[in-house]
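Chains as they are written, first to last, in this note's numbering: chain A, 4 to 481; chain B, 4 to 481; chain C, 4 to 481; chain D, 4 to 481.
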């Protein structure tokens, strides 16, 4: 799904003795790569000495063997992957943020978006503070550092700091001797932890990073909860819990998270399959085959097929060698669509096809895909979307920017269907979308991007955008 | 399926005027990348001037923008992708082979393996010839060059040369003014062509490269057929057809080719799904869900599920960002399995699972995958293979080397099942495998790797191996 | 001269309209590369929008075409090169420092070393400030930002800030609309500016950067002077001048600066040649030829030869293709000396040779070079050093760290001579070294590294070192 | 001196047991880098197994640690550096040429240019041979391979092959068990060998490669001589000596070779200094200082100064960090001259300057340099060239292509002087140039580029150029 992007994934590791925490962090971040492909970073803590590396690029590109060797052994580590739309951002706001303050140093990796960023920053600036980035991680570090001056411990400083942070935030932080994981009270973004066979504790945005490290028992960190890891073990602090109504981002289930992850106890794959099942009930159609747009429509298609009792088929082959390759296609422009995705003619030829995808942003990709199927011989193409139409921008860490770029704000569903060239078009209903991740109560979800009901005050993003556009850090790949 | 590899993919382009043939070749080779990932090359012909670039690596790595610019416009091009097991080979035997001879120059890209390579080479060496490579492409070039001395045209030389070549060969060749495509009379490897919207003719190992370039009408080149493209158009020569019995490699349908390709008129996906259906009949089992090993077992799983009337499910998530990343995992060794492939617990937990894959070579990967499913909660795992067991080496361009490395030569099926940890194990029968690509007659297939019935004389490979091990060209990535 | 390193070079450009300031900055920094080879950076100001790129490596490596294109057009730019001993530092403390504060943003590039860094940092930290680096540039930015809150303009803030900075500092700073150049009141490091043909003003550490840009008229910025460039022109502020006695680093003339530079009105080459002449008078010897160690001993050798009326000769060939190549020489260890520097046997064979160099730090290189000459047939080798022996660490921006690493603190001159294997050894006297850059008054120089007379309070460097070793930013080349 | 280029440097190593021959080859090629910067290659022989790596780029770029590791231990190695003008050649004709033939395999690295290349190639092509390159090394390999069929040993085949080779050739060749070094009977290019401390024999184009490896005793290989190294020791064969009159290239002394090399017993530095001395006698002038254009004019300037009893000075500083950096200077075009070479104003201001260089090809560089000196304040600039004017192309391995590009063929000396802007201009005479390398007899030199007296038949180069332009191998850096 081009056009919408999750901002980040975070990871933290704690062990009592020195060990290969950089390698574990590397492996875990690889499993979180789908949450952000623009830049990544790892900070390793070897008994108080911090080593850090960050750069633009995929984890497997940035963290080569020499870098992992240079990061060395450690007892704590935090890591981060950052999202990948705006190519001009390059190296700006790379995380983890690593800073020194009066009482030590800390490295912090955050996933989310503060709604009171501007107010906090102006307050600090009026006291003479200067800023190296336009990112939340730096401002959160400032608040924690300020509270640390009058707190007996870093964890007390973090708890106090939470009172000043509004909107969406979910971070891991390491001090010279502790690893702290915080999920903001609204709980927009997921966070969980577990214990590896070697005794390491691992915190991550999604359970898939933990299972990759062989961890089977996953403990969800609840909205508002702080978990601290130190030499004495694991410490849960729930004093900030319940200060806000939970507002879990439903789009984590629909699109962001990996299908094998289990978030707040609910399988992402199962939620998507359920979305497909609801869709089959809400938008039934006579058809011969159900196929999904790889990879994000596959789970929904399987659910649709099962509920509709229509055969499921493999409608497309994805070229697994292409990666982020760009080619200026010139006269071969049309080919550049096919190079990444190719229809399986034997599956769709002379068939009435139900095509399942997870969203329509601008509609251009859907148009190309429907066209491809028709050219491959599909008799009819019925497009089914496992979410309601996007109607509103997101202020909680998702790159759904302005109404202008959302097709559903400008066109009726019939106009969209015509533009895309589908024979019919059906979106999942608002009611259904809140049920796909049952047994999580329907009221615990944020679905503001669909219905405009924001669970917090809305920031003046224009002003913040102005900030982030004044300073550009040119990246490696420029 | 680790352990077995196709040797090559070939591509050729002809157009009357100068145009972006390098770009088209690049796109087409990207679509053939699954046939070889070790090295690749493109040779462009601009009215008789040849420009060539080859290197170790994926097409999208080797052929960057600067290289494509340097290759320039042309009216003919040939390209090649080469297989990727033996990491020590590096830059050895890269293709296309580009040479100059008395009557001009030629570039040749071949897919196959001659059974009389040694005899041909010894004959040439005894006349004072020297060799830069140990590849078939150079020896085929020698034979053609020799015949060209006494032939009125390059195409006549090629036809005469075919009489001296034995075993498996399928090549595209460009001279200063012509593009020639040859499929050896046994037809082990596929070859087809079509005409693009801009009038270019494109020849490729598989139809997926043609559809990528927007070509809808695919013409199969038949075993023994030569097709020549020049300014007058397309010329089919069938004088060498019928000299051998067709021996189409059945493993192209089972594993090598891409599911969206159509070879000799038969859809690869359909053949794989048919294999799954036969398997369901030959090895039925009570189960709750059918899943496939990504990506090669998916098609067969869909077929099995349909025939067995069991639900099809998405059992694994593949990490699409990992590519060929290598990490020396040390203490995190177990994680390195999970990093590329992760089971979807919600799908398999407490289920009786049918797991479909396309082959078992050494058995180690199957063992890991079955273990992963059990750890994710699968109650039973019934492994079904969409091919018979490998029992014999292949001499026709496939990397099935020696009996020693084939598990089925050393263990009974029950021993294999135990080693892998599956609750039951079933292979497709020899009878069924010859039927999966109907309506191609059963007699037209080579299945020597399963039944040992070689359609040609068998070469003394030991001797040839000695050749190729005397000279190592160190590659970029060493 | 291995073992001693200048910390930095700075550059600033101001023009009224948008133009190729990044390119000019690139060219100027290339001319300053000898002042620092570890990392470099350029910040471009396009009417208030800042774009910046920094990385470990040479200017010509880091600033490729794509980076310069991405930096774009601008009306102001600042650039920096950083020194290159401590390979573990990697990307730490890269400059220019680019930050945002209440009243805008600024980019600052500094050459020097504050003696009150620790006191300033502790003061800021006690107010809750956090630090991203351990460099002077960040702390100077903090002081300026603090003063800016209560100053009507950036230049007033800079002037006030100068009152809080002690030790060595020389910086260029750009705000959205101004370029400001400051040379600290002690004037340890040089700074000058000039006007290019296209009307741009260029500020640089050394005149060689200005002449590279075609500027012929060089204006030295005096110790304590601030020069500000804005749309109204050039503004000299001398209000901070004379607050300290000038303490120009004499080692700039002996080693750091490029021979074609003219610093405070005195040619570096002429000063070095004068050093050679004084040396000829202080340490005469009967000899057949005078040669210099390339490149830093050549100027002194020419002066010695002229004063002693002995022939000057080209004693060594330097391999110009080697660069910073490293090879683990193993059994060929001895060759790795020769690979960079090779004696010209025809010049030294059977000759009594005077060998001129600019310093002896650990003595190991001198030993190798004298040995090379003897092996090439030199009858006698008389080593002459164009400076007194190093006896004391430098706290003003030079990498002369501790007494332990200085051979002259541990050995008598006769012991050094024996170790090196020279037939005689002579150092320039303390009296003479203060005269080589006449007509600058002898009293205006700092020669603390030779005589221990520090012109300022000495900081507790142990403490600062502790800071910079707690946080390591792993570089590209690790 | 831009515009004229030596084609190659060769190196060979023989030792009885396995050892670090790749490393030694690397170090030796680094010392020969001035003879060719376009591409390089090393082939290592480990008891008959050949490993080879070649690529476009400097030795220190192409031969990194991983490559040297992959080349491994060996008992024999040959290496090559290739010249660097024609950027479009890229990877074409890289050496060593490594081939297999009936009786084994060989690797061959050559320096020179055959005058009967076309005749040889046509003969082979008429017998059906095909060619991968347009280089002499491949055709020499063909001749040797042909002779090997009827010779009892590789050395006998080489000796017989010499009868068929005309023009300039100087090569090292390794077979599975022997290293053979051949200097063609005319002896255009130099070749020598010596024995390292570890017992290895090393053959190289110039002695500087041997001294780099610690070898002090240098043995020149004479024109027409073949030296063979095997387990029994060193074997000199002189049977081909005296078949041609020696025609040593005088430009090796003037420009190509490194000053610290000793060729055929004569120091290159001494020959250049002698050229300067002759020049002082032939073209005296009243002046205050003599300076040389770095690096090639320095030796001559020292000679001129000494003979004319005028002070020698350091007129320029070369930027040692720039390397082969290219920048499209746009508005800063003029700066790009200064970036590599900068005049030392203190040396030339208000002075009458004698400027010594080794040649004028197109005159553009001389014009820029003279202009730089005048701008830096020189009162007069008297240009002196340590060679006669180029009037004729070279057919023996030097890149002096056509009369069109030689300024001396189109302008009188007075016209050249005016164009360059010098106050006077003097070239070394034809008589003197033959004396600079005394005691080598004057008659033993080829000076055809100056006087047009070619010692061999002249080939039809047009035809050969046609060959090499039909096939382009695109390089790494394109």
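The beta carbon of each residue, even a glycine, is placed where N, CA and C say it ideally should be.
Which whole runs of the alpha helix (DSSP H) in the region 356-421 of chain D are 4 residues long or more, in chain order?
-> 367-378 and 410-413
Which residue's Cα is closest to the Cα of residue 86/C: 276/C, 99/C and 10/C?
-> 10/C
Over what stretch of residues does the alpha helix (DSSP H) that includes residue 127/D continue unbroken?
-> 120-129
Endpoints, the alpha helix (DSSP H) within which residue 278/C is located | For residue 278/C, the enclosing alpha helix (DSSP H) stretches over residues 271-285.
Every unbroken alpha helix (DSSP H) within the region 182-236 of chain D, with a cutoff of 4 residues, ordered by chain = 210-215
Residues near residue 285/C by beta carbon distance below 8 angstroms, same chain, minus five either side | Excluding residues up to 5 positions away in sequence, 429, 431, 432 and 435 lie with their Cβ nearer than 8 angstroms to the Cβ of residue 285/C in the same chain.
Verify the CB distance criterion: does residue 131/D have a CB-CB separation below 7 angstroms to chain B?
-> yes
Got a sec: is the Cβ-Cβ distance from residue 463/C to anything in chain D below 7 angstroms?
-> For residue 463/C, the answer is no, since every Cβ of chain D falls outside 7 angstroms of its Cβ.
Can you tell me which of 142/B, 37/B and 353/B puts its alpha carbon nearest to the alpha carbon of residue 99/B?
-> 142/B
Any beta-carbon of chain A closer than 7 angstroms to the one on residue 180/C?
-> no
Please decide whether residue 26/C counts as near chain D, where near means a Cβ-Cβ distance under 7 angstroms.
-> Yes, residue 26/C counts as interfacial toward chain D.
Interface residues of chain A facing residue 102/C [CB-CB closer than 7 angstroms] | 133, 134 and 135
Cβ of residue 342/D less than 7 angstroms from any chain C Cβ?
-> yes
Could you tell me how far apart the beta carbons of residue 449/D and residue 251/D are, in whole angstroms, since I believe they sit closer than 8 angstroms?
-> 7 angstroms
For the ligand MG, is there a heavy atom less than 6 angstroms away from the beta-carbon of residue 13/B?
-> The ligand MG is absent from the structure shown, which contains no ligands of any kind.
Starting from residue 345/C, trace the alpha helix (DSSP H) both ways and give me its first and last residue.
-> Element bounds for residue 345/C: not the alpha helix (DSSP H) but the beta strand (DSSP E), 344-346.
Between the C-alpha atoms of residue 274/A and residue 222/A, what's the straight-line distance to the nearest angstrom?
-> 19 angstroms
Chain-order list of residues whose beta-carbon lies under 7 angstroms from that of residue 389/D (same chain, five-residue window excluded) = 257, 275, 278, 279, 282, 303, 359, 361 and 431
Would you verify that the beta carbon of residue 424/D is, or is not, closer than 7 angstroms to some beta carbon of chain C?
-> It does not; no Cβ of chain C falls within 7 angstroms.
Using only alpha-carbon positions, find the residue among 185/C, 259/C and 79/C that is nearest to residue 204/C.
-> 79/C
List the endpoints of the continuous beta strand (DSSP E) containing residue 29/C.
-> That residue, residue 29/C, is in no beta strand (DSSP E); its alpha helix (DSSP H) goes 24-34.
Closest residue to residue 402/A among 23/A, 38/A and 29/A (Cα-Cα distance) | 38/A
Per the contact definition of three or more C-beta pairs closer than 8 angstroms, is the region 120-133 of chain B in contact with the region 158-166 of chain B?
-> no
Chain A contact residues for residue 128/C, given Cβ-Cβ distances below 7 angstroms | 104 and 105
Buried versus exposed, by CB contacts within 10 Å (16 or more), residue 36/D | The C-beta of residue 36/D has 16 or more other C-beta atoms within 10 Å across all chains shown, which makes the residue buried.
Consult DSSP for residue 324/B and reduce its assignment to one of helix, strand or coil.
-> Secondary structure at residue 324/B: coil, using DSSP grouped into helix, strand and coil.
Which of the residues in the region 138-158 of chain C, read from start to end, lie with their CB under 7 angstroms from any CB of chain A?
-> 144, 145, 148, 149 and 152
Given a threshold of 16 other Cβ atoms within 10 Å of its Cβ, counted over all protein chains shown, does residue 341/A qualify as buried or as exposed?
-> buried
Per-residue contacts from residue 314/A into chain B (C-beta, under 8 angstroms) | 309
Please work out which residues of its chain come closer than 6 angstroms, Cβ to Cβ, to residue 89/D, disregarding the five sequence neighbours upstream and downstream, and give them in chain order.
-> Reliability fails at residue 89/D, whose pLDDT of 49 lies under 50, so the model's placement of it is uncertain and the value that follows must be treated cautiously. Same-chain partners within the cutoff: there are none.
Taking the Cβ atom as the reference point for each residue, do residue 112/A and residue 83/A lie within a distance shorter than 7 angstroms?
-> yes
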